[in-house]
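**Student:** Structure incoming, see below.
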Amino acid sequence: MLDLNNITLHYGHSQILKGISMQAQLGEVTCVMGCNGVGKTSLMKAITGTHARSGGTVSLDGEILGVLPAHALAQKGIAYVPQGRDIFPLLTVKENLETGFSCLPASEHHIPDQVFELFPVLKDMITRRGGDLSGGQQQQLAIARALITRPKLLVLDEPTEGIQPNIITQIGEVISLLRDQGEMAIVLVEQYFDFAYALADRFVVLRRGEVVLAGRKGELARDDLLEGVSV
Ligand SMILES: Nc1ncnc2c1ncn2[C@@H]1O[C@H](COP(=O)(O)OP(=O)(O)OP(=O)(O)O)[C@@H](O)[C@H]1O
Ligand SMILES: [Mg+2]
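Remember, this note's numbering sits 299 above the position in the sequence shown when you count from 1.
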């Protein structure tokens, strides 16, 4: 579904990604791991168009994509749940979800029942302001908002960061269910090792903007992965 080849990214003169290649397949969770500051979020920005890559090629579902802005990539089926959630605090839960409509044709401007089946709490809180939700509820809202866009590729950046354990479990169940439905590829950035290891089908470990370890779960030793993410 997603194929990245030799992606580079700069902030001004400083080069952060130094030629990253990776793939993410339909019906699989590909987990991007690595310590703080290695470039995980920058890679997600390059994939989602929130910061333009400076080099390399990206293809989605067989189509080679130019360097496109985020809204154009959202229309092509790339949905982004950013680190820190970035929900709209002054909009209601319903309005936050409806922001996902902007990349859909008018005939699809409705909230699918599945969103409330996955996150019943959002139905209970539909008229509340986003900013009044707990951190965990906001994370669920951010994932739901991404699902509204009917993505082919779902990118989640540290969805467990700062979230209470029972909601982490629920989020893990939702990711696993979405994977098993087989209609999207999922790229998950995660530093919570046990959560990532339980969910992922493939791993990509970054260090200083480069891939240092990559492979399917069965091909990599758990200890090698742990060592890879702790240096
Ligand atoms: N907008 C920016 N301008 C300049 N430098 C940036 C910017 N955003 C990130 N950086 C730098 O790029 C490097 C990679 O940051 P990035 O946020 O991609 O890392 P990360 O792996 O997601 O870290 P974390 O685990 O803390 O979320 C860091 O050195 C960071 O300071
Ligand atoms: Mg980050």
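Even glycine gets a Cβ: it sits at the ideal position worked out from N, Cα and C.
Suppose you measure from the CA of E526 to the CA of K375; what does that come to, to the nearest Å?
**Tutor:** Along the sequence shown, one-based indexing puts residue 526 at 227. Along the sequence shown, one-based indexing puts residue 375 at 76. Cα to Cα, the separation comes out at about 36 Å.
**Student:** Beta carbon of S313: closer than 7 Å to some heavy atom of ligand 1?
**Tutor:** Your numbering for residue 313 matches position 14 in the sequence shown. Yes, Cβ of S313 sits closer than 7 Å to a heavy atom of ligand 1.
**Student:** Are there 16 or more other CB atoms within 10 angstroms of the CB of A405, so buried, or fewer, so exposed?
**Tutor:** Here residue 405 refers to the residue found at position 106 when the sequence shown is read from its first residue. Exposed is the call here.
**Student:** According to DSSP, what are the bridge partners of H309?
**Tutor:** Walking along the sequence shown from the start, residue 309 turns up at place 10. Q314.
**Student:** Since I believe V392 is in contact with R427 (beta carbons under 8 Å), could you give me their beta-carbon distance rounded to a whole number of angstroms?
**Tutor:** As a position in the sequence shown, residue 427 is number 128, starting the count at 1. As a position in the sequence shown, residue 392 is number 93, starting the count at 1. With a contact defined as Cβ atoms closer than 8 Å, R427 and V392 qualify at about 6 Å.
**Student:** What span of residues does the beta strand (DSSP E) with S358 cover, start to end?
**Tutor:** Here residue 358 corresponds to residue number 59 of the sequence shown, with the count starting at 1. First-last of the beta strand (DSSP E) with S358: 354-359.
**Student:** For ligand 1, I want to know if Q438 counts as a neighbour, meaning its beta carbon is within less than 7 Å of at least one of the ligand's heavy atoms.
**Tutor:** By one-based count along the sequence shown, residue 438 stands at place 139. Checking every heavy atom of ligand 1 against the Cβ of Q438, none is found closer than 7 Å.
**Student:** Taking a contact to mean a Cβ-Cβ separation below 8 Å, would you say A378 touches L453 in this structure?
**Tutor:** Locating residue 378 in the sequence shown gives position 79, where the first residue counts as 1. Locating residue 453 in the sequence shown gives position 154, where the first residue counts as 1. In this structure, L453 lies closer than 8 Å to A378 by Cβ.
**Student:** Put I322 into one of helix, strand or coil per three-state DSSP.
**Tutor:** Residue numbering aside, residue 322 sits at position 23 when the sequence shown is read from its first letter. The identity of residue 322 in the sequence shown is Gln, whereas the question assumes Ile. Note: Q322 maps to strand in three-state DSSP.
**Student:** Just mark R521 as buried or exposed, buried being the case when its beta carbon has 16 or more other beta carbons within 10 Å.
**Tutor:** Translated into the one-based positions of the sequence shown, residue 521 becomes position 222. So R521 counts as exposed.
**Student:** To the nearest angstrom, how far is the alpha carbon of L498 from that of L325?
**Tutor:** Reading the sequence shown from its first residue, position 199 is the one you call residue 498. Reading the sequence shown from its first residue, position 26 is the one you call residue 325. A straight line joining the alpha-carbon of L498 with that of L325 spans about 15 Å.
**Student:** Which of the three DSSP states is assigned to M483 in this structure?
**Tutor:** Indexing the sequence shown from 1 puts residue 483 at position 184. In this structure, M483 counts as coil in the three-state DSSP scheme.
**Student:** If we require 3 or more residues per run, which beta strand (DSSP E) segments fall completely within the region 424-465?
**Tutor:** 452-456
**Student:** Is T329 helix, strand or coil by DSSP?
**Tutor:** Mapped onto the sequence shown, residue 329 falls at position 30. The answer is strand: DSSP assigns T329 an E or B state.
**Student:** Going by the beta-carbon positions, is the gap between L308 and A323 smaller than 8 Å?
**Tutor:** Here residue 308 is taken as the residue at index 9 of the sequence shown, counted from 1. Here residue 323 is taken as the residue at index 24 of the sequence shown, counted from 1. Contact flag unset, no.
**Student:** Classify K395: buried if its beta carbon has 16 or more other beta carbons within 10 angstroms, exposed otherwise.
**Tutor:** Looking up residue 395 in the sequence shown gives position 96. What sits at residue 395 in the sequence shown is Asn, not Lys. A residue is called buried once 16 or more other Cβ atoms fall within 10 Å of its Cβ, and N395 is buried on that count.
**Student:** If you check the beta carbons only, do T448 and G399 fall under 8 Å apart?
**Tutor:** For the purposes of this step, residue 448 is taken as residue 149 along the sequence shown, with counting starting at 1. For the purposes of this step, residue 399 is taken as residue 100 along the sequence shown, with counting starting at 1. Yes, the Cβ-Cβ distance between T448 and G399 is below 8 Å.
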